[in-house]
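Report on one structure; see the data block that follows.
Numbering (this note's numbering), first residue to last: 1 to 250.
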């Protein structure tokens, strides 16, 4: 079967979090990964898949991410046409306003276009989606994580790729830019994985995976922003209705 757009997105996220191939599993009792600095990021995803029917499918999209201690906010960047005729909600992140207004048009829960808020409280991680137009916070139970393409990992949410998984990939001798970033890469059975890891920011700048025959290729480009947002959207949720994913099921 030809991959749907949802499958393409799922695989792109899986490539970022799990680097396509299974990496070494780290024991639950391992010490928690150190925090990284606050970041505002622009993330671009590209996927190219050649199907068995000879059809080449390409997918491109962009997301904005706010990373603060114990909080990750991820919002899809949507074209202006998606919110034409609707007032932007009063939030600091443009992607959030566009996404929530677009969802209002469809009258149903669509996690792809709603901002995702991942929170760490102690040793627990929870995820919720924010509909600013409807003024709703939609909580996701762990049993429903698969339905919203969330793997439950704080490290994958906060760092985009678990630093321990990156460390398991051999260092590459090829030169890197900017200073302080190093390529890690591995190839096995014709399938490659590459991560350009910025140790100071604790974030990948590039993640690539695919196979040598060219039928699958995925690339994620991460660009840190020079100025951090001072107004954080999860601080503006007072008065929002609390809902659950199950409330939207037929």
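Note that beta-carbon positions come from the ideal geometry of N, C-alpha and C, so glycine has one too.
Checklist entry - Using the rule of at least 16 other Cβ atoms within 10 Å of the residue's Cβ for burial, across every protein chain shown, is residue 235 buried or exposed? => result Your numbering for residue 235 matches position 235 in the chain shown. Taking a 10 Å sphere around the C-beta of residue 235, we find fewer than 16 other C-beta atoms and assign the residue as exposed.
Checklist entry - Can you name the residues that DSSP bridges to residue 69? => result As a first step, residue 69 is located in the chain shown; it is residue number 69 there, counting from the start. For residue 69, which the question treats as bridged, DSSP gives no partner whatsoever.
Item to check | Integer Cβ distance of residue 153 from residue 49, believed to fall under 8 angstroms | outcome: Locating residue 153 in the chain shown gives position 153, counting from the first residue. Locating residue 49 in the chain shown gives position 49, counting from the first residue. About 25 angstroms separates the beta carbons of residue 153 and residue 49, which is beyond the 8 angstroms limit, so they are not a contact pair.
Checklist entry - Residues in its own chain within less than 7 angstroms of residue 128 by CB, not counting five upstream and five downstream? => result Against the chain shown, residue 128 aligns to sequence position 128. Within the same chain, 117, 137, 138, 139, 140 come within 7 angstroms of residue 128 by CB-CB distance, once the 5 residues on both sides are set aside.
Checklist entry - Can you name, in chain order, every residue of its own chain whose Cβ lies under 8 angstroms from the Cβ of residue 185, other than the five neighbours on each side? => result Position 185 of the chain shown, counting from 1, holds the residue named residue 185. Within its own chain, the residues whose Cβ lies closer than 8 angstroms to the Cβ of residue 185, once the five positions on either side in sequence are excluded, are 169, 170, 172, 192, 193, 194, 195, listed in chain order.
Item to check | Terminal residues of the beta strand (DSSP E) in which residue 241 lies | outcome: On the chain shown, residue 241 is found 241 positions in, with the first residue counted as 1. Segment 241-244, the beta strand (DSSP E) holding residue 241.
Checklist entry - Does the beta-carbon of residue 210 have 16 or more other beta-carbons within 10 angstroms, so that it is buried, or is it exposed? => result Here residue 210 is taken as the residue at index 210 of the chain shown, counted from 1. Answer is buried; the Cβ neighbour count reaches 16.
Item to check | residue 257, buried or exposed, once every other Cβ within 10 Å from all chains shown has been counted against 16 | outcome: In this structure the chain extends from 1 to 250, so residue 257 is not present and cannot be described.
Item to check | Buried versus exposed call for residue 47 [16 or more other C-beta atoms within 10 Å across all chains shown] | outcome: Looking up residue 47 in the chain shown gives position 47. By the neighbour-count rule (16 or more Cβ atoms within 10 Å), residue 47 is buried.
Item to check | Given residue 252 as reference, the closest of 75, 71, 244 once Cα atoms are compared | outcome: Residue 252 lies beyond the residue range present for the chain, which begins at 1 and ends at 250; the question has no answer from this structure.
Checklist entry - Out of 189, 198, 188, which has the shortest C-alpha to C-alpha gap to residue 179? => result Working through the chain shown from its first residue, we reach residue 179 at position 179. Answer by Cα proximity: 198.
Next on the checklist: Quick check on DSSP: helix, strand or coil for residue 204?
Outcome noted: Taking the first residue of the chain shown as 1, we reach residue 204 at position 204. Here residue 204 sits in strand by DSSP.
Checklist entry - Quick one, are the C-beta atoms of residue 228 and residue 40 less than 7 angstroms apart? => result On the chain shown, residue 228 is found 228 positions in, with the first residue counted as 1. On the chain shown, residue 40 is found 40 positions in, with the first residue counted as 1. Their beta carbons are under 7 angstroms apart, which means residue 228 touches residue 40 by this criterion.
Checklist entry - So what does DSSP say about residue 143, is it helix, strand or coil? => result Position 143 of the chain shown holds residue 143. Three-state DSSP puts residue 143 in a helix.
Checklist entry - Do you know whose CA, among 249, 232, 225, 246, lies nearest residue 43's CA? => result The count along the chain shown starts at 1 and reaches residue 43 at position 43. Comparing Cα positions, the closest option is 225.
Checklist entry - Rounded to a whole number of angstroms, what is the C-alpha to C-alpha distance between residue 122 and residue 55? => result By 1-based counting over the chain shown, the position of residue 122 is 122. By 1-based counting over the chain shown, the position of residue 55 is 55. Distance between the alpha carbons of residue 122 and residue 55 is about 47 angstroms.
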